[in-house]
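Visitor:
Protein chains: 6
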Amino acid sequence: MFSVTVRDHMMIAHSFQGEVFGPAQRLHGATFVVDATFRRPDLDDDGIVVDIGRATEQLRAVLGELTYRNLDDEPAFAGLNTTTEVLARTVADRLVQRIEAGDLGVGARGLTGITVTLHESHIAWASYDRAL
Amino acid sequence: MFSVTVRDHMMIAHSFQGEVFGPAQRLHGATFVVDATFRRPDLDDDGIVVDIGRATEQLRAVLGELTYRNLDDEPAFAGLNTTTEVLARTVADRLVQRIEAGDLGVGARGLTGITVTLHESHIAWASYDRAL
Amino acid sequence: MFSVTVRDHMMIAHSFQGEVFGPAQRLHGATFVVDATFRRPDLDDDGIVVDIGRATEQLRAVLGELTYRNLDDEPAFAGLNTTTEVLARTVADRLVQRIEAGDLGVGARGLTGITVTLHESHIAWASYDRAL
Amino acid sequence: MFSVTVRDHMMIAHSFQGEVFGPAQRLHGATFVVDATFRRPDLDDDGIVVDIGRATEQLRAVLGELTYRNLDDEPAFAGLNTTTEVLARTVADRLVQRIEAGDLGVGARGLTGITVTLHESHIAWASYDRAL
Amino acid sequence: MFSVTVRDHMMIAHSFQGEVFGPAQRLHGATFVVDATFRRPDLDDDGIVVDIGRATEQLRAVLGELTYRNLDDEPAFAGLNTTTEVLARTVADRLVQRIEAGDLGVGARGLTGITVTLHESHIAWASYDRAL
Amino acid sequence: MFSVTVRDHMMIAHSFQGEVFGPAQRLHGATFVVDATFRRPDLDDDGIVVDIGRATEQLRAVLGELTYRNLDDEPAFAGLNTTTEVLARTVADRLVQRIEAGDLGVGARGLTGITVTLHESHIAWASYDRAL
């Protein structure tokens, strides 16, 4: 199995509902350093998993919809806690939509899996992994 | 599949038995930067894999039983080489005991796997991965 | 010259005033990974720059006054942009107050300088350096 | 499952064929920081996955065949794009040949899998994973 | 003293003249992860050292003149070894030219120093530091 | 001013005398990731600060005198706490002795300063800086 990973980041504000979150129930924020990993069992004719330039652009586009925002005000997350885990799934699912729409090129149709990891600090991170 | 990882560290002395270890047969030591990864297929009602505060506390408690010690003197490791691999398994198994004892909360009962990685330097690390 | 550095982090929300900030004028947030460096020309009788346990506690205390908050609502920053640079100075100045109050121990009176670095992402950070 | 990873690096020149590569069609170069991960379900009698000293030596030997070279001139890669993905597979396959030749010791016969990750920058890396 | 640092990278081919360089006399390459640090004693009216967006853009522009090239063919380096040290100075000097040309904005006129660090691997880097 | 830094590591056991050290008064250990920085105002005729190959070898030699040992048993440290700060000075001073003995080559005579940083964990490190 082959994989390629690209890294970018976003900077958001949010708050959480639920006693389990303690002081994180207050409005606060996070930088998420985001790693998007694309997987496939074989390489394409160019010897790559995916066009890394396009992968980088599409990850930037997905994060561009979230960064520099207060996620508490985003309709897409109404009624949801925007935990690191939930945001990892959101970024992964939106990348999959773009792959399926052809935004990563025809070669990206050979992808079989994706993992998105969000680093919220130097001591904590979360991942979401799914098939395509 | 979702995962959450928290990082902490411990600083121990030890020595190894066996020619394969070369100069590491002498009493020496290590800082282990420890990553504990908790996995489950779905999120709980709060949108999380595990209460990250409790996960951090329990990892600290497990490492607190090992850090600032000479592991050659610990009865738990009598007759064992406390290699990075063996210590990764020890930390993972002790975390599982705490999960099963309810120390990470009732939500942690949904966990299906755990991976513990010990970084012994900037150029070497070892992991142990198990199901729950 | 000797120095010791300890690392911790904080997670805050804020917004900026001024066209130079572009989209960061919107309410957003950041994780700041914070490095506090303590300097002195000679070591004390124990062979240290500062009690690293106390340095860690005091850095945590200073960051505890800021983390999990919306800095736009904090009176201490009224009329100020809480840029990474400004926050680095704030953390440094508050650590100096604690050093002068004796919170880092009598040995800390030998300190001659401090540098605080705030990492706002994997590609940007800011520092403030001052004498004691 | 247990794993051990060792890190080293190589510094090579190369160019790519194919419009997808854009400016990387020109002769350029890369530092690849290389992580080689060795896996097995159980530890050997010494409590290890593999002799980490030998693993380090063999990784260095494999990278020594590639580093400080222009890969466009290497017969082994004639007609191939030496992408990060292709080089990850090359390093992994060459390590497997050495394992099978006994270069990592008899204990290495218990290995069941290997993953090689090549970091081409702080924001991009690729992996190849295979069974033994 | 305040500073702000931004990070980017370039990927180049080159070779060195001189026995001291050993195998690096052959055509090879490197990824340089580049940190550009801008310094000034006081903040501007916006509470910043420099417009970080412009600093990022200008660093990218400077690296864009070098990346994806064989530096042995660049007239700017004729007769020079493009060592990590020499390239750090080149990047710093070109950033200073852009600061003096106003490309980082009028606020950048308050800058008093710059440091450029090029990381050539996980175990080696070089810096050049100069006044403005 | 130019500088070049090389990184290596050592793994030692030790204990400390003094109440300030708390649990670190017990025999324990550490991995120190060691960065040695060499400085000079101008480059030599090859365009370098120092022969990086020799610098790496000499750092390895200095660390080879310390690694895989219990520093409590080393005569060189009798009556001294081998704190991170003290060890940073020891490594720096031993590197300077080697520079003065010509072990880094005649070009190294142009060096004017050295800094040694020892990382004891992902959240703590110490440095010693001196002139030559």
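Respectively, the protein sequence lines represent chains A, B, C, D, E and F.
Using this note's numbering, you'd call the opening residue of the first sequence number 358 and step up by one each time.
Using this note's numbering, you'd call the opening residue of the second sequence number 358 and step up by one each time.
Using this note's numbering, you'd call the opening residue of the third sequence number 358 and step up by one each time.
Using this note's numbering, you'd call the opening residue of the fourth sequence number 358 and step up by one each time.
Using this note's numbering, you'd call the opening residue of the fifth sequence number 358 and step up by one each time.
Using this note's numbering, you'd call the opening residue of the sixth sequence number 358 and step up by one each time.
Beta carbons: idealized from backbone N, C-alpha and C, even for Gly.
All values reported here derive from a predicted model rather than from experimental measurement.
1. Would residue 462 (chain B) and residue 411 (chain B) qualify as a contact pair, given that the criterion is a beta-carbon distance under 7 Å?
2. Using 7 Å as the threshold, is the C-beta distance between residue 377 (chain D) and residue 403 (chain A) below it?
3. From which residue to which residue does the alpha helix (DSSP H) around residue 450 (chain C) run?
4. Please return the same chain residues whose Cβ sits closer than 8 Å to the Cβ of residue 386 (chain A), not counting the five positions on each side in sequence.
5. Between residue 393 (chain B) and residue 456 (chain B), how many whole angstroms is the CB-CB distance? I'm expecting something under 8 Å.
6. Answer with buried or exposed for residue 466 (chain D), where buried requires no fewer than 16 other C-beta atoms within 10 angstroms of its C-beta.
7. For residue 409 (chain E) and residue 364 (chain E), what's the separation of their Cα atoms in angstroms?
8. I want to see whether chain A comes within less than 7 Å of residue 421 (chain B), judged by CB atoms only; does it?
9. Who are residue 485 (chain E)'s beta bridge partners in DSSP?
10. Report yes or no: is there a C-beta of chain F within less than 7 Å of the C-beta of residue 480 (chain E)?
11. For residue 406 (chain C), which of helix, strand or coil comes out of DSSP?
12. Suppose the cutoff is 7 Å on Cβ atoms and the five residues either side in sequence are ignored; what does the same chain contact list for residue 443 (chain F) look like?
13. Identify, in the order they occur along the chain, each residue of the same chain with its Cβ nearer than 7 Å to the Cβ of residue 381 (chain B), setting aside the five sequence neighbours on each side.
14. Where DSSP assigns a beta bridge to residue 389 (chain E), which residues make up the other side?
15. By Cβ distance below 6 Å, which residues in the same chain neighbour residue 478 (chain F) in space, the five residues on each side in sequence not counted?
16. Tell me which residues share the same chain as residue 486 (chain C) and place their Cβ nearer than 6 Å to its Cβ, disregarding the 5 neighbours each side in the sequence.
17. Between the alpha carbons of residue 366 (chain D) and residue 422 (chain E), how many angstroms are there, rounded?
18. Starting from residue 426 (chain E), follow its DSSP beta bridges and name the residues at the other end.
19. Have a look at F:419, F:384 and F:420 and flag the residue whose alpha-carbon is nearest the alpha-carbon of residue 431 (chain B).
20. Give me the chain B residues within the contact set of residue 442 (chain F), using Cβ-Cβ distance strictly less than 9 Å, ordered along the chain.
21. Using DSSP's beta-bridge definition, name the partner residues of residue 396 (chain A).
22. Out of F:482, F:362 and F:391, state which residue places its alpha-carbon closest to the alpha-carbon of residue 405 (chain F).
23. Mind pulling the chain B residues with CB within less than 8 Å of residue 477 (chain F)?
24. What separation, rounded to the nearest whole angstrom, lies between the Cα atoms of residue 428 (chain C) and residue 440 (chain C)?
25. Figure out for me which residue from B:418, B:433 and B:358 has the closest Cα to the Cα of residue 401 (chain B).
26. Among residues of its own chain, excluding the 5 on either side of residue 464 (chain F), which ones have a beta-carbon nearer than 6 Å to its beta-carbon?
27. Check each candidate in A:476, A:424 and A:416 and name the one with the smallest Cα separation from residue 450 (chain A).
28. Closer than 6 Å by C-beta to residue 360 (chain A): which residues in its own chain qualify, once you throw out the five before and the five after it? Chain order, please.
29. Among the residues of its own chain, which have a CB less than 8 Å from the CB of residue 419 (chain C), if the five just before and after it don't count?
30. Note down the Cα distance separating residue 475 (chain E) from residue 446 (chain E), rounded to an integer number of angstroms.
31. Would you please verify whether the beta carbon of residue 484 (chain D) is less than 7 Å from any beta carbon of chain A?
32. With a cut-off of 8 Å on the beta carbons, I'd call residue 407 (chain E) and residue 468 (chain E) a contact; round off their distance for me.
33. Of the residues D:458, D:482 and D:435, which one's Cα is nearest the Cα of residue 389 (chain D)?
34. Just the Cα atoms here: how many angstroms apart are residue 484 (chain E) and residue 375 (chain A)?
Guide: Put simply:
1. yes
2. yes
3. 441 to 457
4. 368, 369, 370 and 371
5. Contact doesn't hold; Cβ gap of about 11 Å is too wide.
6. exposed
7. 11 Å
8. no
9. By DSSP's assignment, residue 485 (chain E) forms a beta bridge with E:473 and F:359.
10. yes
11. Correct three-state label for residue 406 (chain C): coil.
12. 437
13. By the criterion of a C-beta distance shorter than 7 Å, residue 381 (chain B) is surrounded in its chain by 373, once the five residues flanking it on both sides are discounted.
14. E:367
15. For residue 478 (chain F), where only same-chain residues beyond five positions count, there are no Cβ hits under 6 Å.
16. 472
17. If you draw a straight line from the Cα of residue 366 (chain D) to the Cα of residue 422 (chain E), it comes to about 26 Å.
18. E:369
19. F:384
20. Residues of chain B passing the Cβ test: none, with the nearest at roughly 16 Å.
21. A:360 and A:470
22. F:362
23. 368 and 388
24. 10 Å
25. B:358
26. These residues qualify, in order along the chain: 401.
27. A:416
28. 394 and 396
29. 448, 451, 452 and 455
30. Approximately 10 Å between the Cα atoms of the pair.
31. yes
32. 6 Å
33. Cα-wise, what sits closest to residue 389 (chain D) is D:482.
34. 48 Å
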